[in-house]
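Accompanying notes for the structure given below.
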Amino acid sequence: MRKFNIRKVLDGLTAVSSAASASSAAQQQQAGNRETEIQETLQSEHFQLCKTVRHGFPYQPSALAFDPVQKILAIGTQTGALRLFGRPGVECYCQHDSGAAVIQLQFLINEGALVSALADDTLHLWNLRQKRPAILHSLKFNRERITFCHLPFQSKWLYVGTERGNIHIVNVESFTLSGYVIMWNKAIELSSKSHPGPIVHISDNPMDEGKLLIGFESGTVVLWDLKSKKADYRYTHDEAIHSVAWHHEGKQFICSHSDGTLTIWNVKSPTKPFQTITPHGKQLKDGKKPEPCKPILKVEYKTTRAGDPFIILSGGLSYDTVGRRPCLTVMHGKSTAVLEMDYSIVDFLTLCETPYPNDFQEPYAVVVLLEKDLVLIDLAQNGYPIFENPYPLTIHESPVTCCEYFADCPVDLIPALYSVGARQKRQGYSKKEWPISGGNWGLITQSYPEIIITGHADGSIKFWDASAITLQVLYKLKTAKVFEKSRNKEDRPNTDIVDEDPYAIQIISWCPESRMLCIAGVSAHVIIYRFSKQEVTTEVIPMLEVRLLYEINDVETPDGEQVPPLPTPGTGSNPQSIVPQSHPSTSSSSSDGLRDNVPCLKVKNSPLKQSPGYQIELVIQLVWVSGEPPQQITSLAVNSAYGLVVFGNCNGIAMVDYLQKTVLLNLGTIELYGSNDPYRREPRSPRKTRQPSGAGLCDINEGTTVPEDRCKSPTSDVKDNSFSRSRSSSVTSIDKESREAISALHFCETFTRKADTSPSPCLWVGTTLGTVLVIVLNLPPGGEQRLLQPVIVSPSGTILRLKGAILRMAFLDTTGSLVPPAHEPWREHNVPEDKDEKDKSKKRRPVSVSPSSSQEISENQYAVICSEKQAKVISLPSQNCIYKQNITETSFVLRGDIVSLSNSICLACFCANGHIMTFSLPSLRPLLDVYYLPLTNMRIARTFCFTNNGQALYLVSPTEIQRLTYSQETCENLQEMLGELFTPVETPEAPNRGFFKGLFGGGAQSLDREELFGESASGKASRSLAQHIPGPGGIEGVKGAASGVVGELARARLALDERGQKLGELEEKTAAMLYSADSFSKHAHEMMLKYKDKKWYQF
194 MRKFNIRKVL DGLTAVSSAA SASSAAQQQQ AGNRETEIQE TLQSEHFQLC
244 KTVRHGFPYQ PSALAFDPVQ KILAIGTQTG ALRLFGRPGV ECYCQHDSGA
294 AVIQLQFLIN EGALVSALAD DTLHLWNLRQ KRPAILHSLK FNRERITFCH
344 LPFQSKWLYV GTERGNIHIV NVESFTLSGY VIMWNKAIEL SSKSHPGPIV
394 HISDNPMDEG KLLIGFESGT VVLWDLKSKK ADYRYTHDEA IHSVAWHHEG
444 KQFICSHSDG TLTIWNVKSP TKPFQTITPH GKQLKDGKKP EPCKPILKVE
494 YKTTRAGDPF IILSGGLSYD TVGRRPCLTV MHGKSTAVLE MDYSIVDFLT
544 LCETPYPNDF QEPYAVVVLL EKDLVLIDLA QNGYPIFENP YPLTIHESPV
594 TCCEYFADCP VDLIPALYSV GARQKRQGYS KKEWPISGGN WGLITQSYPE
644 IIITGHADGS IKFWDASAIT LQVLYKLKTA KVFEKSRNKE DRPNTDIVDE
694 DPYAIQIISW CPESRMLCIA GVSAHVIIYR FSKQEVTTEV IPMLEVRLLY
744 EINDVETPDG EQVPPLPTPG TGSNPQSIVP QSHPSTSSSS SDGLRDNVPC
794 LKVKNSPLKQ SPGYQIELVI QLVWVSGEPP QQITSLAVNS AYGLVVFGNC
844 NGIAMVDYLQ KTVLLNLGTI ELYGSNDPYR REPRSPRKTR QPSGAGLCDI
894 NEGTTVPEDR CKSPTSDVKD NSFSRSRSSS VTSIDKESRE AISALHFCET
944 FTRKADTSPS PCLWVGTTLG TVLVIVLNLP PGGEQRLLQP VIVSPSGTIL
994 RLKGAILRMA FLDTTGSLVP PAHEPWREHN VPEDKDEKDK SKKRRPVSVS
1044 PSSSQEISEN QYAVICSEKQ AKVISLPSQN CIYKQNITET SFVLRGDIVS
1094 LSNSICLACF CANGHIMTFS LPSLRPLLDV YYLPLTNMRI ARTFCFTNNG
1144 QALYLVSPTE IQRLTYSQET CENLQEMLGE LFTPVETPEA PNRGFFKGLF
1194 GGGAQSLDRE ELFGESASGK ASRSLAQHIP GPGGIEGVKG AASGVVGELA
1244 RARLALDERG QKLGELEEKT AAMLYSADSF SKHAHEMMLK YKDKKWYQF
């Protein structure tokens, strides 16, 4: 697990991109051992950086809206983000530049547009008729604060209520204010001595558009006549109002109040409520009022033709229900259903069959937006079951602590994971189709499989299908089930090296070809898993305990043996081998009473039933040493061809043969050097400090950045290492006696010494002090002999040096192609092999898929090594550094990956100063250097990863994954791959009552709003009240909106291609509308020219 230093990161933020500068041209070319020049095909023009898609639950949601005709859902957040959801696989992310919280969203129903109201008192009109929605207009209120908005169906006039109690009217075509204003002092009675409070509700009477219902927070409701500009009725109540809803016939409305009551009012009886209901109040005898309850935050009143109306509300529970979860209450006739939710309710909407407010609503579902989840409830089925959510919104089910990304996986992997994951699905969902079904999928131009693996704080691991910019969960593995759960604090004396989340995942090592999985957890534990399609019951869980030490002077093992020092390298042709050491747990305390030889977690000793999927092969735990807890694991690697797993921390390195279940190597970092240690270090005891909890790994609360030790750069692991949360250390004050941790491990088949004539299996080890050491592996023959003869591990004497902690290592062959580590193809281990298979397995050799695996002995390889500061390419076996690149002087690299792109290989790096860079291989020419993302949070550093084909990702918030590409080809194809939100749909016919006439009609009494609110009737609004700001929506957006909002043609199908192609088959029908938008188009053309040549990051 990488560790980071917060101040070092902040230092890096202020640094300029010193990365790929002229000094990087220090490329050393050794003529003596150069082969033919490798032709490098990658050039700068192959690279371009852009965001692709964002997955996961919108972080800190604050607003919700639904278009009942287009069937699109919109969610706004407290950080100004906008997420739009259509059918599964159609998603879109947009961002308001100000970052202000979204307080309300309103669709222009079936128009392909959306209005957002923000906490900074701005209104924005979004065009959804393009694949990447853009803002067409903005309106900034200067003197009043926006509290509520209402846009009647098929109207272009938006009512905006303010904190002062006034209502302003906005034309959504031109986004200008009407001169018509409803002032609070005209709306309330003149005899009232107090201000009625902010506007909390606005709606027009479903049967009479000329009557506007206005709700003030204090409890006053006014029915305003728009034509006569006076109040028809005023309804007063003692309790504050939270929301109001109409009955569709327009004769009654319902209010929800702060004391947990609902009041139903007859429109023409303003003196007192027709009925008062306390849904959760205890009815007292003697006719007394029920006890007050918590506020009912929202109520909806929906009618049906065939039966009783639905009254749906959130909140309103009695105060004595302490600890009860948030609830949604559905009242239908005489039945009341209380539906408990896992998180607080932010908002809810009832989905109805008709968009017309003056018709029977026929509700069929309720969308409930929770603080950390989205739930859809089926109202048509008994018991109100929920729909199975098809969106990937459970990334944060337990906080994400690490993730890995694999593009271009074996094609059989996703079906295999899906088949075992399908058995894990819950039952009892609604049998209906998911009702949010708008939009169309994009074209799939990427044909390769992609998998994302996320590790979580509760020890779970999730595999996701990420192919073609979608995301779908495939399979979930719970690693914690192998351990005994502690019932109380007294029962868990050993887990106290972490405050909480003792099973949190820190590192994932996965071999896609063999399907071997290895994880390292926060409690210094490693678990190796094998994939199987068969269910098995493991009687005894295989377990090893490793006593990883730091001292090299007279440290005794429990049985009195001394840990052998690594022999001096190069003393003979057959160096002495390292004696395998295994340290079984023989006692729980040493002679002086200190805790000793006990692991942090207790493995279950009862039989374990393992379902198809990933099954435990071996559990390895580091143990306490003389009262000192084991240190967390900083690096991990597994190799299926060799049957080995290796891991390291700041104490040393351990290698385990998981086939024979034995420890092969167990050494302190200093012992790895033997007599070649370049540092003068005095052996000392392990530190006497607690390890930080896994909580720092999973900061679900965004507000706090926890500068804990695991988040430091590995090189800053200083001597005085108190794990206080306020601790930080500058990179310039690194202690000279800093503990050297293992930071990178790589199994490979290559040349281990200068004199080698052929490659052999080995392990390359990188440390936080920039050292690379090579360990030779002598493997027994395959088949049965592999299980009987020991693996012999010996040093090679090879030591290489770089500046900064080693991050990544890889190997190229003479053609410049990547040489992947050897691996075994996957086979089912739980089925007995027949004789032919056994013979095959005896002959089976580890697979190495280098394109030039038939290379002659004389041909050499190249080692590519990337550290925090620089990258080197070293020719093997000569060990000459043939290319060197100083990546950064003033910052440091957080993540470096050697990846394939366009049939070639490159090195991709993400720096703490926010730069993303790529370099060609083997020559390390700079190809891309873009300032992309300031490192504002350790979560970004912990989760950022590159993969093949120009893909990368990171956790942009505790609940969301942001994917990006650095490939020019993917950027060009992205437009086609994105789904379309808007699709041409006919608006349903209005209720057939013989009165629907006129452009904006919809009620029994239609209203010519243009006549009332237009400039000729109401005059101009005060210029100082609000400021109009044109948006960067572009020419196409203006055309789409202009022809989308006006008249009957607005509801005709319109399809404009994103790249400015001609209008589709409806071009003739919309030509008349486009003519009226000509002046608009000119204005937009100027905007387009202004922004045409700017890069995305210059906006």
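Residue 1292 is where the sequence shown ends in this note's numbering, and the numbering goes up by one at each step.
Note that beta-carbon positions come from the ideal geometry of N, C-alpha and C, so glycine has one too.
**OP:** List in chain order: all unbroken beta strand (DSSP E) runs of 3+ residues lying wholly within the segment 815–867.
**Re:** 828–832, 837–841, 845–850, 855–861
**OP:** Go ahead and pull the three-state DSSP assignment for ARG1135.
**Re:** helix
Subject >> Proximity winner among PRO973, LEU1174, PRO502, relative to ALA191 (alpha-carbon distances) >> reply: Missing from the structure shown is residue 191; the chain here goes from 194 to 1292 and no further.
Original post:
Ordered along the chain, which non-local residues of its own chain (more than five positions away) have a Cβ less than 7 Å from that of LYS797?
Top reply: VAL675, PHE676, GLU677, ILE734
Original post:
What is the residue span of the alpha helix (DSSP H) that GLU1021 lies within?
Top reply: That residue, GLU1021, is in no alpha helix (DSSP H); it is neither H nor E in DSSP.
Subject >> Buried/exposed call for MET376, threshold 16 Cβ in 10 Å >> reply: exposed
Subject >> Enclosing beta strand (DSSP E) for TYR373 [first to last residue] >> reply: 369–375
Original post:
Should GLU626 go down as buried or exposed, given a rule of 16 or more other Cβ atoms within 10 Å for buried?
Top reply: exposed
**OP:** Tell me whether ASP789 is buried or exposed, calling it buried when 16 or more other Cβ atoms sit within 10 Å of its Cβ.
**Re:** buried
Original post:
By how many angstroms is the C-alpha of LEU1167 removed from the C-alpha of TYR584?
Top reply: 20 Å
**OP:** Please classify PRO472: is it buried, with 16 or more other beta-carbons within 10 angstroms of its beta-carbon, or exposed?
**Re:** buried
Original post:
Does the beta-carbon of ILE721 have 16 or more other beta-carbons within 10 angstroms, so that it is buried, or is it exposed?
Top reply: buried
Original post:
Would you call THR522 buried or exposed, if buried means 16 or more other Cβ atoms sit within 10 Å of its Cβ?
Top reply: buried
**OP:** Starting from CYS793, follow its DSSP beta bridges and name the residues at the other end.
**Re:** None, per the DSSP bridge assignment.
Subject >> Sheet register partners of ALA258 (DSSP bridge) >> reply: ALA267
Original post:
When DSSP labels each residue in this structure, what does HIS1016 get in the three-state scheme?
Top reply: strand
Subject >> Complete beta strand (DSSP E) runs within the segment 288–361 (minimum length 3 residues, chain order) >> reply: 295–301, 306–311, 315–320, 327–334, 339–343, 350–355
Subject >> For GLN825 and VAL729, the rounded distance between their alpha carbons >> reply: 31 Å
**OP:** Mark SER630 as exposed unless 16 or more other C-beta atoms lie within 10 angstroms of its C-beta, in which case mark it buried.
**Re:** exposed
Original post:
Would you report the Cα separation of SER679 and PRO792, rounded to the nearest angstrom?
Top reply: 14 Å
Original post:
Which two residues bound the contiguous beta strand (DSSP E) that contains ALA558?
Top reply: 556–563
Original post:
Is VAL1024 buried or exposed, if buried means 16 or more other CB atoms sit within 10 Å of its CB?
Top reply: exposed
Original post:
Taking the alpha helix (DSSP H) that CYS1059 falls in, what are its first and last residues?
Top reply: First-last for CYS1059: 1054–1060, but that is the beta strand (DSSP E), not the alpha helix (DSSP H).
Original post:
Considering only the beta carbon of each residue, do GLU457 and THR413 sit closer than 8 Å?
Top reply: Per the sequence shown, residue 457 should be read as Ile rather than Glu. Contact: no.
**OP:** Can you check DSSP and say which residues form a bridge with TYR1076?
**Re:** VAL1066
Original post:
Looking only at C-alpha atoms, which of GLY390, GLY959, PRO988, THR991 sits nearest to CYS1059?
Top reply: GLY959
**OP:** Give the range of the alpha helix (DSSP H) segment to which THR1161 is assigned.
**Re:** The sequence shown places Gln at residue 1161, not Thr. Segment 1161–1170, the alpha helix (DSSP H) holding GLN1161.
Original post:
How do the segment 1068–1086 and the segment 965–977 stand: do at least 3 beta-carbon pairs fall below 8 Å, yes or no?
Top reply: no
Original post:
Do the CB positions of GLY526 and GLY500 come within less than 8 Å of each other?
Top reply: yes
Subject >> Complete runs of the beta strand (DSSP E) confined to the segment 1072–1123 [at least 3 residues] >> reply: 1073–1079, 1086–1094, 1097–1104, 1108–1113
Original post:
To which residues of the same chain is CYS955 closer than 8 Å at the C-beta, ignoring the five residues directly before and after it?
Top reply: PHE940, CYS941, GLU942, THR943, THR945, VAL967, ILE968, VAL969, LEU970, SER989
Subject >> Closest Cα partner of ARG616 within the set ILE637, GLN727, ILE662, ALA717 >> reply: GLN727
**OP:** Within its chain, find whatever has a CB closer than 7 Å to the CB of ALA600; leave out the 5 residues flanking it on each side and keep chain order.
**Re:** TYR641, GLU643, THR1140, ASN1141, ASN1142, GLN1144
Original post:
Relative to the alpha-carbon of SER1215, which residue among THR369, SER291, VAL262, LEU562 has its alpha-carbon at the smallest distance?
Top reply: THR369
**OP:** Run the CB neighbour count on VAL849, radius 10 Å, all protein chains shown included, and call it buried at 16 or more, exposed below.
**Re:** buried
Original post:
What are the boundary residues of the beta strand (DSSP E) that LEU1200 is part of?
Top reply: Element bounds for LEU1200: n/a, residue is neither H nor E.
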